[in-house]
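What follows is a set of notes on a single structure, which appears directly below.
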Amino acid sequence: MLTRTVFGWSSMPAGRPVRPAGFALAALAVLATAQPAHAAPAAIGASAALAAPNDAAKPDWFAQGDTRAAEALIDLLETSALDGLNPSKFSTGHLTRAMRRAESGDVDNIRLANRKFNEAFARYVTGLRANAAEGWLLVDGQLAPRTGAGMILAGAARAGDLAAYVRDMGYMHSSYAGLRQHLRNAIDSGDRQTEALVRLNMQRVRMLPASGRYILVNAAAQRLQMVDDGRVVGEMKVVVGKQKYPTPVMAAYIRYAALNPYWEVPSDLAAERIAPNVVSEGLGYLKKHGYVLLSDWGANAAVVDPSTIDWQAVADGKIQVRLRQNPGPGNSMGRMKFMFPNTQGVYLHDTPDKKLLKEDARLFSGGCVRLEDAPRLSKWMFGKTLNPKGAEPDQRVDLPEPVPVYIAYLTALPDGERLALYEDIYGRDEAALVEMQGVGKLAAF
């Protein structure tokens, strides 16, 4: 169980909600007086903001004389400093006057007001999504939040209740509006500690989609969610990377599953975990655990006699070897792994070591995400539980449609009316606050 204090957090197990014992005052003082984190994007001109193909793809802000959606947008724009934007860039006074003129029922006034509100809404959402991918490894660039005005307006036009869509921020991930309200509460109460943390996590949440079908892994909470049409339909515990091997923040498409997988042992883990056991227990350790030594990292690598290797030199990091673990009950990948090829060698996989999932702080992997229930995840993704056909290793099963996976690091999330906080297991909050505020080393209290 991890019971350390990181950046002012109370000493609590990682992965469970905790209450902050205090943050670095240097960052908080700057944060309280800081200018918006990023300015609103340059005015999109009317032609760009209204680039949807037809009027049906744009929202009607004054349908049946209802102004609730327009009023909700004005409120958001006037408080857009909460989002790191500059409220003065949105000219809410002009919008209010346009709304009042539209209330007369005059067709020309309504048409003009709709143009103004569509432009303002497109600029606002574009501002929310701008630079959202900063700090993320985008394996598939298509997963970056889209900022096209036509697409933004078309999404609003499809909303059954435009006022609720605007007010509840249905164009952002479901956590964003809740975090925004918690930020508002923290500012009103003078709680600078919570203010700093919520601002940071609002920025992280901007990257996540508002709708669609995807997998969300929160490394800080060590949990995975299955999301359909923006709703969580299932979740499970996961094991994430040790502090020495932190699980990266990334977004990718899962494209296939491998059944009866090999485990290709990274060279550093071969040195740290396996070579010392070979030194102490002899070459029988490799056979007992199904490890095979290969000549190189190529597809046609030959099997090498392990007695030809100086395993103490491997343990000392003086030479590197390629080890591969054969499929079987003890294989570290378990029965299946879900692949989204990336430069970090990270993926989601089954695990034979289920007892680790009972721990409060589940930081045991080399960076990959170990699943509590891989068959259940396979059924959700593939529509059926995957089972290998025979003993052939690395049986590939392609997904009919790739499924996005977002591996995030969220240390504050709305949970009903409360704010759930998670330990900063990798120390990223402190580093991010330093970067955000441009101050020197923080002094934790």
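Taking mature numbering (1 follows the signal peptide of the UniProt record, and there is no 0), I'd label the letters of the sequence shown as residues -39 to -1, 1 to 406. Backbone N, C-alpha and C fix where the C-beta goes; we use that ideal spot for every residue, glycine too.
Proximity below 7 Å, CB of residue i to CB of residue j
| i | j | result |
| --- | --- | --- |
| residue 287 | residue 251 | yes |
| residue 175 | residue 188 | yes |
| residue 264 | residue 282 | no |
| residue 302 | residue 136 | no |
| residue 236 | residue 181 | no |
| residue 407 | residue 113 | A query on residue 407 cannot be resolved here, the shown segment of the chain reaching from -39 to 406 and no further. |
| residue 299 | residue 369 | no |
| residue 371 | residue 179 | yes |
| residue 60 | residue 40 | no |
| residue 327 | residue 230 | yes |
| residue 100 | residue 132 | no |
| residue 109 | residue 46 | no |
| residue 73 | residue 141 | no |
| residue 143 | residue 382 | no |
| residue 20 | residue 117 | yes |
| residue 329 | residue 358 | no |
| residue 314 | residue 223 | no |
| residue 98 | residue 211 | yes |
| residue 63 | residue 23 | yes |
Bridge-paired residues (DSSP) for residue i
| i | result |
| --- | --- |
| residue 225 | 285 |
| residue 368 | 178 and 211 |
| residue 187 | 176 and 195 |
| residue 299 | 218 and 309 |
| residue 264 | 255 |
| residue 429 | Limits of the chain in this structure are -39 at one end and 406 at the other, which puts residue 429 out of reach. |
| residue 202 | 326 |
| residue 99 | 212 |
Exposure of residue i, with buried meaning 16 or more beta-carbon neighbours within 10 Å
| i | result |
| --- | --- |
| residue 103 | exposed |
| residue 408 | Nothing can be reported for residue 408: it is not among the residues displayed for the chain, which extend from -39 to 406. |
| residue 387 | buried |
| residue 10 | Note that residue 10 scores 37 on pLDDT, short of 50, meaning its location in the model is unreliable; the coordinates nonetheless yield the value given after this. Buried, since its Cβ has 16 or more Cβ neighbours within 10 Å. |
| residue 157 | buried |
| residue 261 | exposed |
| residue 365 | buried |
| residue 293 | buried |
| residue 346 | exposed |
| residue 183 | buried |
| residue 67 | exposed |
| residue 54 | exposed |
| residue 361 | exposed |
| residue 160 | buried |
| residue 268 | exposed |
| residue 77 | buried |
| residue 311 | buried |
| residue 258 | exposed |
| residue 384 | buried |
| residue 316 | exposed |
| residue 304 | exposed |
So, do the stretch 199 to 206 and the stretch 323 to 342 have three or more beta carbon pairs nearer to each other than 8 Å?
yes
To test your reading of the DSSP string, which unbroken beta strand (DSSP E) runs of 3 or more residues are found completely within the stretch 319 to 387?
324 to 326, 330 to 332, 356 to 369, 373 to 376 and 379 to 382
Is there contact between the stretch 310 to 324 and the stretch 158 to 174, where contact requires at least three CB pairs shorter than 8 Å?
no
Any chance you could list the alpha helix (DSSP H) runs of at least 4 consecutive residues sitting entirely within the stretch 24 to 73, in chain order?
29 to 39 and 53 to 63
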